[in-house]
Amino acid sequence: MDWLCGLAAETQVETPDGPMEIRKVAGKEIPVFSRDANGRVRFRMMRQVRCMGASEPVLRVSLENGWSFRAVPRQGVFLAEGTIVTLAELAPGVLLYPAFHYPKGYRFRTDGGEERESAHGWRVESIEAGGDAEVFSLHVPPERCFFLSAGVLCCSE
């Protein structure tokens with residue numbers, strides 16, 4: 050395993066009650082969106098949320114959907130085709146596994162009126178140094194994955 054789980058404190062995870070900052074759920078067990086072994090989006094219990102560093106270097110990943118998040122360079126994320134890479138291995142243009150999406154090839158209009166074709170994923174717009182942050186780790190059994198509110202599937206411990 051070359052990746053680990055390390056989210057900046059303000060990074061939001063997707064829960065039944067909406068987006069929640071990871072720092073606000075430290076020490077709690079709460080349901081989060083996850084993906085089951087068949088690829089379906091399900092709720093799973095997020096456990097063992099804990100601080101693993103008070104000032105760790107992080108990267109900021111900005112996505113085409115307007116969201117961004119910060120995490121440690123070794124945070125594991127799923128590419129659109131399902132393989133796992135670390136944030137340090139990402140580059141602009143890479144497609145990440147989405148929480149919800151139109152079928153590949155489907156044509157739609159954005160809220161701004163722009164016509165687009167679905168690529169079945171969220172494209173990375175940029176990845177850059179994100180300063181230092183308080184970093185949290187967590188566990189989501191059994192598949193060991195969870196969705197950020199940014200719509201990206203990440204690896205848990």
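In the numbering used here, the protein residues as written are 50 to 206.
Virtual Cβ for every residue (Gly too), placed ideally from N, Cα, C.
- Closest in alpha carbon position to ALA140, among TRP171, ASP160, PHE149, GLU59, is TRP171.
- Judged by their CB atoms, SER205 and PHE196 are not nearer to each other than the 8 Å cut-off.
- Using a 10 angstroms sphere on the CB of GLY162, the tally of other CB atoms stays under 16, which defines it as exposed.
- When ALA58, ARG91, GLU138, ALA137 are compared, the shortest CA-CA separation from ARG193 is found for ARG91.
- Between VAL189 and MET101 the beta-carbon gap is near 16 Å, outside 8 Å, which marks them as no contact.
- Taking a cut-off of 8 Å for Cβ pairs, the stretch 171 to 182 and the stretch 107 to 120 touch, as three or more such pairs fall below it.
- Given a length threshold of 3 residues, each whole run of the beta strand (DSSP E) inside the stretch 65 to 91 is given here in chain order: 67 to 70, 79 to 84.
- Cβ contact annotation for ARG165 (same chain, cutoff 8 Å, sequence separation greater than five): ARG156, PHE157, ARG158, THR159, in chain order.
- Secondary structure remark: continuous alpha helix (DSSP H) runs of at least 4 residues inside the stretch 143 to 202: none found.
- Rounded to the nearest angstrom, the Cβ distance from ALA75 to ARG96 is 12 Å, too far for a contact under 8 Å.
- Within the same chain, Cβ atoms closer than 6 Å to the Cβ of LEU53 are found at ARG123, the five residues on either side in sequence being excluded.
- Taking the C-beta atoms as reference points, GLY131 is found nearer than 8 Å to TYR146.
- Here SER186 is buried: its Cβ has 16 or more other Cβ atoms, across all protein chains shown, within 10 Å.
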